[in-house]
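Worksheet: one structure, shown below.
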Amino acid sequence: MTKKQFVPISGPYMAAEELICDRLPDLLIGEEKVETVANRPTTTYMYVGDLGKWGDLPFEVAKWYNSSRHLFDRVDSIPVSMHPDILEENADAMLEEHIKVGAEITLSARFMHNALASVTAALKTMVKGEPSAPEFVHLQNQEFPFGDAWTNPRPQRVKGLYPDVIFLLGALGAFQVRYFGEIKSFIVRIEDMTHEASFKPPKELREVLGQIVNYMRAHRLKYAFLSNYKYTVFLKVDAPEHSPTTSNIYFSKPIPHDQTTNCENEDDPQLSIRLVMLWLTLKCCSNDDKVWRITPEEAAQLEAKVTRTKVSGPVNSLVTPSDARTSRNPQLLAQQRAPPRTGAGTGLFSNVSRIAPFGMSPLSRPAANIEDITFDFHRTGLGTTGSLDPASPTSHQNGISRPLGTGRRHVSGYSTGHDDPLITSSAANQQQHRYNTRSRGPPESDQTVEDEKESP
Numbered sequence: 001m002t003k004k005q006f007v008p009i010s011g012p013y014m015a016a017e018e019l020i021c022d023r024l025p026d027l028l029i030g031e032e033k034v035e036t037v038a039n040r041p042t043t044t045y046m047y048v049g050d051l052g053k054w055g056d057l058p059f060e061v062a063k064w065y066n067s068s069r070h071l072f073d074r075v076d077s078i079p080v081s082m083h084p085d086i087l088e089e090n091a092d093a094m095l096e097e098h099i100k101v102g103a104e105i106t107l108s109a110r111f112m113h114n115a116l117a118s119v120t121a122a123l124k125t126m127v128k129g130e131p132s133a134p135e136f137v138h139l140q141n142q143e144f145p146f147g148d149a150w151t152n153p154r155p156q157r158v159k160g161l162y163p164d165v166i167f168l169l170g171a172l173g174a175f176q177v178r179y180f181g182e183i184k185s186f187i188v189r190i191e192d193m194t195h196e197a198s199f200k201p202p203k204e205l206r207e208v209l210g211q212i213v214n215y216m217r218a219h220r221l222k223y224a225f226l227s228n229y230k231y232t233v234f235l236k237v238d239a240p241e242h243s244p245t246t247s248n249i250y251f252s253k254p255i256p257h258d259q260t261t262n263c264e265n266e267d268d269p270q271l272s273i274r275l276v277m278l279w280l281t282l283k284c285c286s287n288d289d290k291v292w293r294i295t296p297e298e299a300a301q302l303e304a305k306v307t308r309t310k311v312s313g314p315v316n317s318l319v320t321p322s323d324a325r326t327s328r329n330p331q332l333l334a335q336q337r338a339p340p341r342t343g344a345g346t347g348l349f350s351n352v353s354r355i356a357p358f359g360m361s362p363l364s365r366p367a368a369n370i371e372d373i374t375f376d377f378h379r380t381g382l383g384t385t386g387s388l389d390p391a392s393p394t395s396h397q398n399g400i401s402r403p404l405g406t407g408r409r410h411v412s413g414y415s416t417g418h419d420d421p422l423i424t425s426s427a428a429n430q431q432q433h434r435y436n437t438r439s440r441g442p443p444e445s446d447q448t449v450e451d452e453k454e455s456p
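full-length UniProt numbering numbers the first residue of the sequence shown as 1 and each following residue consecutively.
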């Protein structure tokens with residue numbers, strides 16, 4: 001049988017600029033929590049340092065875009081992708097989403113294809129189209145792919161700290177990670193977290209950022225992004241003007257996936273996710289590593305601002321680069337990672353140090369370090385049934401000074417026997433609930449705890 005000769009079909013195409021300025025396609029998602037994951041992934045870390053808004057990001061990107069149009073013009077006749085007009089000919093063309101998304105693993109794949117692969121294709125086209133441009137000279141004979149954490153050469157990996165997406169620059173055997181991204185399921189409401197941070201303590205946002213900041217300090221990277229596909233937030237490590245040696249985290253306004261680029265109004269530029277990604281990618285391609293890398297001293301500061309606490313967290317609100325509240329004593333932040341005091345408590349929670357209750361700034365008292373908390377139901381009188389006898393001698397020997405009530409693995413309160421602040425009953429119940437969840441198995445999510453991942 002003779003092999004069929006296919007005739008190329010001519011059709012509408014998109015050049016680099018049009019692709020970069022366009023929106024991302026809508027995902028194919030079923031009924032939430034019925035045809036998708038229902039629970040958020042477990043978080044391990046919390047960022048307790050100062051947070052601020054990266055308010056000038058849109059203006060930085062718009063200024064660069066308006067001054068770099070000539071780089072796009074040189075390749076405006078080279079096709080990079082199909083044009084959406086093709087859907088008028090065939091509504092089932094590849095520009096439509098055909099993979100149904102229910103969990104983070106599929107969502108990550110769609111984001112990498114629709115956002116990151118498009119940025120890479122456009123940038124490669126621009127570099128080849130104008131190789132002598134000052135912006136691209138250093139990229140000749142270089143590769144710049146996005147990939148997962150395992151594409152990072154093994155000697156450069158940090159055990160247990162593997163971002164979802166990394167951007168690599170270099171050649172085979174000499175790649176460097178320049179920035180990274182963390183992708184969450186759409187049930188992690190990034191847009192709500194960042195919005196609420198403007199008028200109430202951003203506890204949920206801090207829990208999500210704990211993992212990312214831990215990656216930033218471990219890999220010594222200045223930039224990152226956080227996305228649930230519907231919205232993407234860009235992050236950077238920076239210092240306030242009045243305290244240039246202080247490292248804080250700043251986050252951008254969430255960018256919707258369906259937003260296209262419009263920079264005609266310089267006072268209110270609208271940016272697509274792809275355009276910001278392209279800008280950040282070129283920025284992190286700089287030969288000056290001070291542009292994209294943080295110093296060991298900055299990494300040490302970030303390490304002191306990440307805690308594993310789960311019971312109570314920081315309540316301080318946002319700061320700005322010029323806000324005097326960012327001028328903090330670093331010794332106080334370092335205390336948050338101090339080991340528990342000996343004999344701080346001997347009740348149901350065996351290794352609890354001083355816990356700051358909600359409403360108290362963690363910068364005025366050391367935050368909890370409860371990574372060594374253990375649960376011994378036999379030792380506390382819970383036994384195999386999970387009930388607690390308030391009159392049990394064991395409970396008095398363990399330092400419990402008042403009845404804890406009864407019920408299956410339920411804690412209503414406890415005293416440590418000294419004047420330190422107590423874990424509130426609601427906080428204790430939260431920790432007990434987490435234990436019960438772990439005893440039943442992993443949450444209904446495809447995401448595992450990041451610091452428990454092992455290198456293959």
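Built from N, CA and C at the ideal position, the CB exists for glycine as well.
As the structure is a prediction and not an experimental result, all values here were calculated from the model.
Can you find the residues in the same chain that come closer than 8 Å, C-beta to C-beta, to residue i, ignoring five residues on each side of it along the sequence?
i      : result
VAL177 : ASN152, GLN156, ILE166, PHE167, LEU168, HIS219 and LEU221
ARG274 : LEU19, ILE20, CYS21, ASP22, LEU24, ALA115, SER118, VAL119 and ALA122
ALA93  : MET82, ILE86 and LEU87
ASN141 : ALA171
If you reduce the DSSP assignment to three classes, tell me which class residue i lands in.
i           : result
ARG40       : coil
ALA367      : Residue placement at ALA367 cannot be trusted, given a pLDDT of 39 that sits under 50; the coordinates are not used to answer.
GLU143      : strand
ASN248      : strand
TYR47       : strand
THR307      : strand
VAL137      : helix
residue 533 : With the chain represented from 1 up to 456, any question about residue 533 goes unanswered, as that position is not in the structure.
VAL61       : helix
THR2        : coil
Less than 8 Å separating the beta-carbons of residue i and residue j?
i      : j      : result
TRP292 : TYR162 : no
ALA103 : SER227 : no
ASN248 : PRO240 : yes
ASN114 : LEU24  : yes
GLU97  : LEU87  : no
ALA299 : ARG217 : yes
PHE59  : PRO269 : yes
LEU318 : ALA224 : no
ASP26  : SER108 : no
ARG110 : VAL101 : yes
GLU130 : ARG74  : yes
VAL306 : VAL158 : no
VAL208 : VAL237 : no
Could you please give the first and the last residue of the uninterrupted alpha helix (DSSP H) stretch that includes residue i?
i      : result
ASP258 : Element bounds for ASP258: n/a, residue is neither H nor E.
GLN301 : 296–304
So the candidates are the options; which of them puts its Cα closest to the Cα of residue i?
i      : options                          : result
MET112 : THR232, VAL306 and GLU143        : THR232
PRO79  : GLU17, GLU191, ASP289 and ARG154 : GLU17
THR245 : LEU116, SER68, ASP22 and LEU302  : LEU302
LYS63  : VAL158, PHE199, GLU266 and PRO12 : GLU266
GLN149 : GLY181, THR125 and VAL137        : Looking at the sequence itself, residue 149 is Ala, so the reference to Gln does not match. Among GLY181, THR125 and VAL137, the Cα nearest to that of ALA149 is on GLY181.
SER252 : LEU57, ILE29 and VAL34           : LEU57
GLY30  : ALA91, ILE99 and SER67           : ILE99
ARG154 : LEU28, VAL48, ALA38 and ALA174   : ALA174
VAL137 : ARG69, ARG308, LYS124 and ALA38  : LYS124
Please list, in chain order, all residues of the same chain as residue i whose beta carbon is under 6 Å from its beta carbon, the five residues on each side excluded.
i      : result
SER81  : MET14 and LEU19
LYS230 : PHE186 and HIS257
VAL61  : LEU271, VAL276 and TRP279
ASP76  : ALA15
GLY11  : ILE86
So the beta strand (DSSP E) residue i belongs to, where does it begin and stop?
i      : result
TYR162 : TYR162 -> no beta strand (DSSP E), and no H or E assigned at all.
ASN32  : In the sequence on display, residue 32 carries Glu and not Asn. Taken as a continuous stretch (DSSP letters only), GLU32 belongs to no beta strand (DSSP E), as it is neither H nor E.
MET226 : Checking the sequence shown, residue 226 turns out to be Leu, not Met. Residues 223–227.
THR232 : 231–238
Excluding the five sequence neighbours on either side, which residues of its own chain have a C-beta within less than 7 Å of the C-beta of residue i, listed in chain order?
i      : result
GLU35  : GLY102
LEU282 : GLU135
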